[in-house]
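Student:
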């Protein structure tokens, strides 16, 4: 079943208003054929609105959406030919597993034999061949998820949309399904857009992650770049375990609590407030205050939390602000030296010293 | 102390709790017994009692006189017509209201309920004002020149049907609205997403999933229609006799309740038979999968 | 409950309540008070002012007024042996039925001393008092003064095209049909039911409304819903007085009298008899016509000077109008009512 081929999606100037509230504003986004893009953002960021606009359930106030070069913004949902996996799965309770998967084929008035063949293929794809006659309420959560997936791809749509597809599953199953969906998507070559608020899910599955905030697209990039080079403090803060500290810039040099920070980045001056990005796992603890290749910040331990595979520390720097940092439990100095009150040197590698413009609320 | 010693105590406490819960519906059960079961029992008794003791005359009369059959037929055919019309009008209305924002939906439901706030008699006369020979509708069409002669809209089956439909419609719309509202909206979206046109989605998803609400509403409307008295009396112009009217007539003609009771009981039995018949079919459908 | 009277047993459910009411309404004034019952409403009010208040004054007693719906109410009280009413008033067919069932006390005409009554009006257990008439009425807007003047013309759809209304009841309509078919007024009873229904079949397609209540019939005339109607004269007169463009004729009118009786088991039969005597006396009897277009049945009432000639012309039982009308035979209806009513229901169903 590999005649399914992906199609490009081109979104231009897309906006949606509800009264005075802008749910979506000025979104421009190009998705390549066969690409897996995840829309990531907090609730209210507009990610679901964008997905629903793609599916045709929400009519945007302005802008255009084209699938494979064809304008679809006014096309009703049943004519868009996109598959969708709903957060609730939306499996029809009055039909069997087979009936659900056959539904899109039946509405397309396919011949019986063809329907049978395709349903069998789709169920085999999600490893549920034995379940065709089952009722929906006899399935586990993971099985329902797979039926929803089979139903969404059985009619060979060129675009697959997924709305928080894994949120109803427990952690273990979720991680398994992330891999499975990724494989499936690759093998089908279907252009996929999914929505999640789970950064790990986004980073695991997607070719590119689009971060949205307050209805606007903030950054779209491959997972590594998104993490390594966040465009703004919002992106930096949303991904990973991060402390953001605002810094002042004088003569092209960033100052943290009066201390000059070395960086490989060229720091743009101007009036915009800037933030220093401190990833908890990138911070080290050193003996010397002049460790080469590091920006060293003196600090005092305030809190120490043992979390099995790692230690989480909250330390306080000279001007009273707090930083979170994480160290592996084993292979490091004894915990005794990190008891609250102990003075330490927190070190940030110069090449990891990120300073980003602030776009967060005060 | 052995672990088993307080088992009896715990069981007794559970029994006591169950008894306390039983006390809650007790007033309702008693009331039902007094206002429903006892009168029906009396009706039953009276229908078999004549001046000479036990008699079947109240029933043989109904069997022998073709007029009764006709009245039963009229009653059921009007009720069925009204049920069908209520479904045809009420389903789209309930569906439409269910798609509105909460506030607008509340207002619309309020409008649907308005008829409940006015007396049945007033509503029925209001229809007369609209439908009669020199009523608003005839006047309007005469004025337009669409018709030369007033149409006969009232004092017949047509007028009766309209008047009754207006009264029973809320009984269909409310359960239907509740049924549609409780549907997961994603089901309809999924149907559309999978390629079903709105019409197709309506028949393949919305209708099958709201059948319980539809049946509940339809049964309510049907059973309620069977017992109508005032509306056919006024809007039927004498041409439409429904069972309840005949029950009343019999009470006066024969100067005893027996003749009236037998008819009322027959109506009750047929209604119950229909009710259980439908329930059975539904249960079989549900049990037998899809 | 003894065997064979289970029907009575049902009525006994009402007995305790009736007994309590009887106790409450009895007491010290028992000797000089009476309770009467009639259909109530505006008719009851007129009767109160015209008949019962003057009667109470004349006898120096108190008369309480209550309302009833049908003979069933009397039957309930009598069979339950809890009679609360001393004088009742019903239409003639119900009186005849009550008489057949033995629900009334015999009347003592030596006490009542009726004047100006037909012999037929003076029955062993009831006495006719007021009457209305079922008459042909028409819209003057449609026909001017030249509406259908007889039942035959009411039936004549060629000469008088238009919508018609009749009462949804076999009573009076069977008579009207027979009159229309040429049966002389004095040969009407016993009614030829088959012939009457055959004649009624002819007019049935032209009846727009079979009315069920007096109020409804009045509304039909007022709204112009029908061009011709079989209607109670008092209702018709009231609508005309109200300004409706309509007229009616007593030609072939069917007089439907009410009557007084004393429910069997009344504890004040003697006083009730005296009250009926006063109420039926022409002087008081005549009062009713001053309040509503209902007619006293005693011819002497028209000689009391209380009914001016122009008013008498409008009343169904004035000597002039009586000549062209016929009295409903309550006995015939009491005997055949149920059977005919069943046939009527079948006839009227579409």
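Protein chains in written order, with my numbering: chain A, 1 to 362; chain B, 363 to 652; chain C, 653 to 1002. Glycine included, every Cβ here is placed at the ideal spot set by N, Cα and C. No experiment lies behind these values; they were computed from the predicted model shown.
Does the separation of the CB atoms of residue 932 (chain C) and residue 781 (chain C) fall below 8 angstroms?
Tutor: Here residue 932 (chain C) refers to the residue found at position 280 of the third chain. Here residue 781 (chain C) refers to the residue found at position 129 of the third chain. Taking 8 angstroms as the Cβ cut-off, residue 932 (chain C) and residue 781 (chain C) qualify as a contacting pair.
Student: Does the structure place the region 952-964 of chain C close enough to the region 714-734 of chain C that three or more beta carbon pairs sit under 8 angstroms?
Tutor: These segments do not touch.
Student: Let me know the secondary structure DSSP gives residue 820 (chain C) once reduced to three states.
Tutor: Taking the third chain and counting its residues from 1, the one referred to as residue 820 (chain C) is at position 168. Three-state result, residue 820 (chain C): coil.
Student: Could you tell me if residue 177 (chain A) is buried or exposed, where buried requires 16 or more neighbouring beta carbons within 10 angstroms of its beta carbon?
Tutor: Locating residue 177 (chain A) in the first chain gives position 177, counting from the first residue. Buried, since its Cβ has 16 or more Cβ neighbours within 10 Å.
Student: Buried or exposed: where does residue 991 (chain C) fall if 16 or more other Cβ atoms within 10 Å of its Cβ makes it buried?
Tutor: Along the third chain, read from residue 1 onward, the residue named residue 991 (chain C) stands at position 339. Residue 991 (chain C) should be labelled exposed.
Student: According to a CB-to-CB cut-off of less than 7 angstroms, which residues of the region 535-549 of chain B neighbour chain A?
Tutor: Cβ contacts with chain A: 546, 548 and 549.
Student: Quick one: does the C-beta of residue 136 (chain A) sit closer than 7 angstroms to a heavy atom of the ligand PLP?
Tutor: Questions concerning the ligand PLP fall outside what the structure shown contains, since it holds no ligand whatsoever.
Student: Answer yes or no: does any C-beta atom of chain C fall closer than 8 angstroms to that of residue 427 (chain B)?
Tutor: Along the second chain, one-based indexing puts residue 427 (chain B) at 65. It does: the Cβ of residue 427 (chain B) has a partner Cβ on chain C nearer than 8 angstroms.
Student: Spell out a yes or no on whether the region 583-593 of chain B and the region 394-407 of chain B are touching, meaning 3 or more CB-CB pairs, one atom from each, closer than 8 angstroms.
Tutor: In short, these stretches do not touch, since the Cβ pair count stays below three.
Student: Under 8 angstroms between C-beta atoms, does residue 570 (chain B) make it to chain A?
Tutor: By one-based count along the second chain, residue 570 (chain B) stands at place 208. Yes - at least one Cβ of chain A is within 8 angstroms of the one on residue 570 (chain B).
Student: Please compile the residues from chain C whose C-beta is within a distance smaller than 7 angstroms of the C-beta of residue 373 (chain B).
Tutor: Within the second chain, the letter at position 11 stands for residue 373 (chain B). None at all; the shortest Cβ gap to chain C is about 46 angstroms.
Student: Counting only Cβ-Cβ distances shorter than 8 angstroms, please list the residues of the region 45-75 of chain A near chain B, keeping chain order.
Tutor: Answer set for the region 45-75 of chain A: 55, 56 and 57.
Student: Does DSSP put residue 622 (chain B) in a helix, in a strand, or in coil?
Tutor: Residue mapping note: residue 622 (chain B) aligns to position 260 of the second chain, counting from 1. Residue 622 (chain B): helix per DSSP, three-state reduction.
Student: Cβ closer than 9 angstroms: which chain A residues qualify as neighbours of residue 551 (chain B)?
Tutor: Mapped onto the second chain, residue 551 (chain B) falls at position 189. Going along chain A in sequence order, the residues near residue 551 (chain B) (Cβ under 9 angstroms) are 52, 55, 57, 77, 84, 86 and 90.
Student: Please name the residue in C:785, C:978 and C:697 whose C-alpha comes closest to that of residue 942 (chain C).
Tutor: Here residue 942 (chain C) refers to the residue found at position 290 when the third chain is read from its first residue. Measuring from the Cα of residue 942 (chain C), the nearest candidate turns out to be C:697.
Student: In the structure shown, what three-state DSSP assignment does residue 379 (chain B) receive?
Tutor: Here residue 379 (chain B) is taken as the residue at index 17 of the second chain, counted from 1. The answer is helix: DSSP assigns residue 379 (chain B) an H, G or I state.
Student: Checking contacts by CB at 8 angstroms: is residue 897 (chain C) closer than that to chain B?
Tutor: The residue given as residue 897 (chain C) occupies position 245 in the third chain. So, not an interface residue.
Student: From residue 836 (chain C) to residue 746 (chain C), what does the alpha carbon distance come to, in whole angstroms?
Tutor: Here residue 836 (chain C) is taken as the residue at index 184 of the third chain, counted from 1. Here residue 746 (chain C) is taken as the residue at index 94 of the third chain, counted from 1. Between residue 836 (chain C) and residue 746 (chain C), the C-alpha separation is close to 25 angstroms.
Student: Mapping DSSP to helix, strand and coil, what is residue 126 (chain A)?
Tutor: Along the first chain, one-based indexing puts residue 126 (chain A) at 126. Reduced to three states, the DSSP call for residue 126 (chain A) is coil.
Student: Give the interface partners of residue 107 (chain A) over in chain B, defined as CB-CB distance under 7 angstroms, in chain order.
Tutor: Residue 107 (chain A) sits at position 107 when you count from the first residue of the first chain. Near residue 107 (chain A) (Cβ distances below 7 angstroms), the residues of chain B are 556, 557, 558 and 562.
Student: Can you find a CB in chain B that lies within less than 8 angstroms of the CB of residue 151 (chain A)?
Tutor: Indexing the first chain from 1 puts residue 151 (chain A) at position 151. For residue 151 (chain A), the answer is yes, since a Cβ of chain B falls inside 8 angstroms of its Cβ.
Student: Let me see if you follow: with CB-CB separation under 8 angstroms, is residue 103 (chain A) close to chain B or not?
Tutor: As a working note, residue 103 (chain A) is residue 103 in the first chain. It does: the Cβ of residue 103 (chain A) has a partner Cβ on chain B nearer than 8 angstroms.
Student: Is the separation between the beta-carbon of residue 744 (chain C) and that of residue 980 (chain C) shorter than 8 angstroms?
Tutor: Counting from 1 along the third chain, the entry for residue 744 (chain C) is found at position 92. Counting from 1 along the third chain, the entry for residue 980 (chain C) is found at position 328. Cβ atoms of residue 744 (chain C) and residue 980 (chain C): closer than 8 angstroms.
Student: When the distance is taken between beta carbons, is residue 493 (chain B) closer than 8 angstroms to residue 473 (chain B)?
Tutor: As a working mapping, residue 473 (chain B) is identified with position 111 in the second chain. As a working mapping, residue 493 (chain B) is identified with position 131 in the second chain. It is not a contact, given that the beta carbons lie outside the stated cut-off.
Student: Return the Cβ separation of residue 880 (chain C) and residue 814 (chain C) in integer angstroms, given the expectation that the two are a contact with Cβ distance under 8 angstroms.
Tutor: Position 228 of the third chain, counted from the first residue, corresponds to residue 880 (chain C). Position 162 of the third chain, counted from the first residue, corresponds to residue 814 (chain C). That belief holds up - the Cβ atoms of residue 880 (chain C) and residue 814 (chain C) are roughly 6 angstroms apart, short of 8 angstroms.
Student: Going by alpha carbons, who is nearest to residue 149 (chain A) out of A:97, A:352, A:305 and A:113?
Tutor: Working through the first chain from its first residue, we reach residue 149 (chain A) at position 149. Ranking A:97, A:352, A:305 and A:113 by Cα distance to residue 149 (chain A) puts A:97 first.
Student: Would residue 326 (chain A) and residue 343 (chain A) be called neighbours here (beta carbons separated by less than 8 angstroms)?
Tutor: Within the first chain, residue 326 (chain A) is the residue found at index 326, counting from 1. Within the first chain, residue 343 (chain A) is the residue found at index 343, counting from 1. The answer is no: Cβ separation not under 8 angstroms.
Student: Label residue 260 (chain A) either buried or exposed according to how many other C-beta atoms from any shown protein chain fall within 10 Å of its C-beta, with 16 as the threshold for buried.
Tutor: Residue mapping note: residue 260 (chain A) aligns to position 260 of the first chain, counting from 1. Exposed is the call here.
Student: Using beta-carbon positions only, say whether residue 173 (chain A) and residue 201 (chain A) come within less than 8 angstroms of one another.
Tutor: For the purposes of this step, residue 173 (chain A) is identified with residue 173 of the first chain, where counting begins at 1. For the purposes of this step, residue 201 (chain A) is identified with residue 201 of the first chain, where counting begins at 1. In this structure, residue 201 (chain A) does not lie closer than 8 angstroms to residue 173 (chain A) by Cβ.
Student: Mark residue 420 (chain B) as exposed unless 16 or more other C-beta atoms lie within 10 angstroms of its C-beta, in which case mark it buried.
Tutor: In the second chain, the residue the question calls residue 420 (chain B) occupies position 58. Per the 10 Å Cβ criterion, buried.
Student: Within this structure, are the beta carbons of residue 799 (chain C) and residue 899 (chain C) separated by less than 8 angstroms?
Tutor: On the third chain, position 147 is the one that residue 799 (chain C) refers to. On the third chain, position 247 is the one that residue 899 (chain C) refers to. Result yes, Cβ atoms of residue 799 (chain C) and residue 899 (chain C) sit closer than 8 angstroms.
Student: DSSP three-state label for residue 327 (chain A), please.
Tutor: For the purposes of this step, residue 327 (chain A) is taken as residue 327 along the first chain, with counting starting at 1. Residue 327 (chain A) falls in the strand class under three-state DSSP.
Student: For the region 475-492 of chain B against the region 555-566 of chain B, are there 3 or more C-beta pairs whose distance is under 8 angstroms?
Tutor: No: fewer than three Cβ pairs fall under 8 angstroms.
Student: Does any residue of chain C have a CB that is nearer than 8 angstroms to the CB of residue 379 (chain B)?
Tutor: Here residue 379 (chain B) refers to the residue found at position 17 of the second chain. It does not; no Cβ of chain C falls within 8 angstroms.
Student: Helix, strand or coil for residue 294 (chain A) per DSSP?
Tutor: Stepping through the first chain from its first residue, residue 294 (chain A) is reached at position 294. Strand, per DSSP.
Student: Residues bridged to residue 191 (chain A) by DSSP?
Tutor: To locate residue 191 (chain A), count along the first chain from 1; it is residue 191. In the DSSP output, where bridge partners are listed per residue, residue 191 (chain A) has A:159.
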